[in-house]
Every structure is written in C-alpha cells, then in structure tokens.
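Participant: Can you read through this structure? Questions will come right after.
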Amino acid sequence: MRNIIKKIDQAGLVGRGGAEFPTARKWQSVKDAPGKVKYVVCNASEGELGLFKDIFILEHHLAEVMKGMVLAMDTIKTKKAYFNLNQNYHKKIKGKLGKLIKQYAKQDYEFEVFVEHPSYIGGEETALLDAIEGKRTQPRLKPPYPSDAGLFGAPTLINNVETFYNVALVAEDKYKNDRFCCLTVDGKRIDVYRQPADWSLEKILRETGNYPDYDFFVQVGGSASGVVYNQKQLSKNKLSGAGSLEVYRASMKPHQLLSQWFEFYAAESCGKCAPCRQGTFNLWKLIDKKTIDWKKIMAIVETMEKTSFCGLGKSIGVPVRSYLKNVEGRK
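Okay, so the sequence shown: first residue is 239 according to the working numbering, each after it adds one.
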C-alpha cells in the first residue's frame with residue numbers, strides 16, 4: 239500500500255509494547271536504511287507480570303496482525319519476517335498460524351516462527367534478536383539500533399502484536415485510537431478490554447464494571463515495571479506502557495508487593511551486568527527481613543538505575559518510587 243507510513247503518522251500510532259515510540263518514525267527509519275537484506279519481526283514474547291493482551295489479540299485477530307506484518311514487509315521491501323512467539327501462545331494458535339503462513343507463502347511472503355520460553359528479558363528487542371540468531375538471550379549495546387543493524391546485522395523492523403494489529407486497522411481506515419487493557423484485580427485476571435486511549439483509569443474501571451467498593455491503589459503499564467497510583471489519581475491518569483492495569487487492596491502490606499516485584503526481577507535478570515544481577519538479588523534478600531529498610535532499598539535502586547546495562551535494571555525505580563510517593567506518602 240502506498241503512503242502507509244503517512245497514514246500511520248496521521249493516525250498518531252505509537253508502539254504498544256511499552257516504549258510508545260512513534261510507529262511511523264520507526265518504519266521510515268528502516269525503510270531509509272541502506273541494504274538489500276532487511277527483516278520484519280513481530281514481538282509476541284509478553285513476559286511481564288500482568289500482561290496477557292497479546293494472546294487475546296492473537297486468538298481473535300491473528301489475520302489482522304499478519305496483514306500488518308505484510309504491510310511492513312512491503313514498505314521496507316522484504317519478503318522475510320520472523321514471528322517471535324511465547325511458547326505458551328504458540329500452542330494455542332499454531333494451527334491457525336500455520337494455515338495463514340501457507341496462504342502467504344503462495345504470494346512469496348516467508349514467515350519463520352521462533353518459539354521461546356516466556357521471559358521478560360526475551361521481550362527486549364535486541365535480546366530477542368540474539369535469541370533468534372541462536373545466541374544467549376541478552377540485550378545488545380546500543381547504538382547501533384535494530385533499524386540500522388538488527389537481525390543478522392541487517393536493518394530490522396520490530397513491533398509488538400498490538401502495533402501490527404493497529405497498522406492493519408489504519409490501512410483500512412478503521413483505527414479509532416483505541417487500545418487494549420489487561421485488567422487484574424486482587425491477583426485474579428479479569429479480562430482484556432478495548433477502549434479509547436484517552437479514557438482515564440477511573441473511567442476504565444467504572445465503564446467495565448470493575449471499580450472496587452473498597453480502598454485500593456493500582457499499577458499501570460506492567461505489574462513489575464509499571465507506575466503506581468492511589469485512588470485520587472485515577473481520574474488524572476491514563477493507561478500507559480504495555481497496557482496492563484492491576485488493582486491492589488489498600489490493606490496490602492508493602493512486604494507482599496515488594497516481594498512480588500523483587501522476586502520477578504531477580505528471576506528475570508539475564509545476569510549480563512553486575513548492577514542488575516547483584517542488585518536484584520540483594521533487593522530480594524532485603525525483603526526477608528521483618529522490617530523494610532527503605533534507605534538500603536533506595537540506595538540499590540538508584541545504583542541500578544544509573545549503571546544497569548538495559549531497561550530491566552533501569553526500570554525498577556519506577557514502581558518503587560511511585561509506590562513510596564503515591565501510596566506510602568514518602569518522598
């Protein structure tokens with residue numbers, strides 16, 4: 239399709255994998271990159287706590303996701319794409335996916351499916367590329383960025399499942415600036431909802447019939463790396479990041495929440511850099527204590543933010559700082 243990048247730009251489409259980078263800019267960058275060999279990659283890793291919208295989209299809108307990938311392939315002039323799939327998701331859609339791949343093969347589009355064990359670091363775009371290349375799943379030094387030197391050293395366009403789905407809608411003039419929301423309440427997955435991107439968090443909860451009748455706080459954008467808001471802040475903030483919304487009771491003890499975060503980070507650290515490898519372990523061990531030493535926790539968090547190699551270690555300060563400020567009332 240001609241002018242698809244222009245249509246994407248006019249629609250204001252941004253990535254839905256968490257970074258919210260302007261989609262048109264990313265596509266244009268790969269299109270303009272020199273080189274005869276280029277690749278398209280769909281990131282369906284989705285390894286963070288609280289996220290399950292990708293599998294919902296894949297089960298209900300797989301054809302649209304693949305159409306978005308084909309539009310990307312046409313735009314950057316390639317016939318090769320990789321589908322990076324969480325192995326649990328692959329089990330659920332492999333039949334339908336296989337049929338669509340065969341259909342596109344008749345038009346000379348080649349899709350290669352790469353199945354990986356669910357992991358948080360596996361969703362980091364350069365770690366994902368190394369995994370596909372058969373290397374250890376660890377992030378690369380940037381620059382160069384994937385748009386210049388990605389898969390096998392070639393310019394590579396990487397987008398999330400929801401982003402490719404949205405591109406298909408843009409092409410058909412059906413995009414309405416909606417986004418998907420994974421809602422979890424009291425540790426129970428409720429559902430995946432689709433609503434206007436400009437709805438406040440309060441409106442999402444009320445319109446879906448999930449506004450609690452007890453005091454609570456929420457975490458938005460990922461149940462490990464997402465920002466935490468108290469009840470009074472819900473009307474002023476919107477869904478962000480990767481699109482999750484988790485509700486916690488106000489009575490939840492700090493130990494419980496910190497333990498959830500730190501255990502996840504410690505388990506998901508790839509071990510490449512010492513600040514993240516040792517920092518996540520030390521944070522997790524601190525939660526074994528009866529009394530929370532916030533001073534020690536923040537000292538480790540600050541070190542990780544400043545010196546970690548990739549976003550996993552750098553992001554740990556987002557939930558901790560926002561929880562301290564918005565729920566605990568500490569500065």
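All residues carry an ideal CB built from backbone N, CA and C; glycine is no exception.
If you're wondering where the values come from, they're calculated on a predicted model, not measured in any experiment.
Is there contact here, the region 241–248 with the region 341–358, by at least three beta-carbon pairs under 8 Å?
Facilitator: Result no; under three Cβ-Cβ pairs closer than 8 Å.
Participant: Is Val275 closer than 8 Å to Phe321 when the C-beta atoms are compared?
Facilitator: As a working mapping, residue 321 is identified with position 83 in the sequence shown. As a working mapping, residue 275 is identified with position 37 in the sequence shown. No, they are not a contact pair.
Participant: Between Met304, Pro384, Lys329, which lies nearest to Tyr342 when the distance is taken from Cα to Cα?
Facilitator: The count along the sequence shown starts at 1 and reaches residue 342 at position 104. Cα-wise, what sits closest to Tyr342 is Met304.
Participant: Near Lys334, which residues of its chain fall below 8 Å by C-beta distance, leaving aside the five closest residues on each side in sequence?
Facilitator: For the purposes of this step, residue 334 is taken as the residue at position 96 of the sequence shown. Cβ neighbours of Lys334 beyond the five flanking positions: Leu300.
Participant: Since Glu445 and Phe418 are thought to touch, with beta carbons under 8 Å apart, how far apart are those beta carbons, to the nearest angstrom?
Facilitator: Here residue 445 refers to the residue found at position 207 when the sequence shown is read from its first residue. Here residue 418 refers to the residue found at position 180 when the sequence shown is read from its first residue. That pair is no contact at about 14 Å.
Participant: Whose C-alpha, out of Met311, Lys317, Glu284, Asp368, is nearest the C-alpha of Tyr327?
Facilitator: Residue 327 sits at position 89 when you count from the first residue of the sequence shown. Checked all of Met311, Lys317, Glu284, Asp368; the closest Cα to Tyr327 is Glu284.
Participant: Spell out a yes or no on whether the region 523–534 and the region 365–382 are touching, meaning 3 or more CB-CB pairs, one atom from each, closer than 8 Å.
Facilitator: no
Participant: At a cut-off of 7 Å, is Lys380 close to the ligand PLP when judged by its beta-carbon and the heavy atoms of the ligand?
Facilitator: The ligand PLP is not among the ligands present in this structure, which contains no ligands whatsoever.
Participant: Drop a sphere of 10 angstroms on the beta-carbon of Glu258, count the other beta-carbons inside from all chains shown, and report buried for 16 or more, exposed for fewer.
Facilitator: Sequence index remark: in the sequence shown, residue 258 carries index 20 (1-based). It counts as exposed.
Participant: Taking the C-alpha atoms as reference points, what is the distance between Asp312 and Arg559?
Facilitator: On the sequence shown, residue 312 is found 74 positions in, with the first residue counted as 1. On the sequence shown, residue 559 is found 321 positions in, with the first residue counted as 1. Distance between the alpha carbons of Asp312 and Arg559 is about 43 Å.
Participant: Counting only runs of 4+ residues fully inside the region 485–513, write out the alpha helix (DSSP H) ranges in chain order.
Facilitator: 492–506
Participant: Can you tell me whether Phe390 is buried or exposed, with buried defined as 16 or more other CB within 10 angstroms of its CB?
Facilitator: As a first step, residue 390 must be located in the sequence shown, where it is residue number 152. That one is exposed.
Participant: Could you please give the first and the last residue of the uninterrupted alpha helix (DSSP H) stretch that includes Gln433?
Facilitator: Within the sequence shown, the letter at position 195 stands for residue 433. Gln433 -> not in any alpha helix (DSSP H); beta strand (DSSP E) instead, spanning 426–434.
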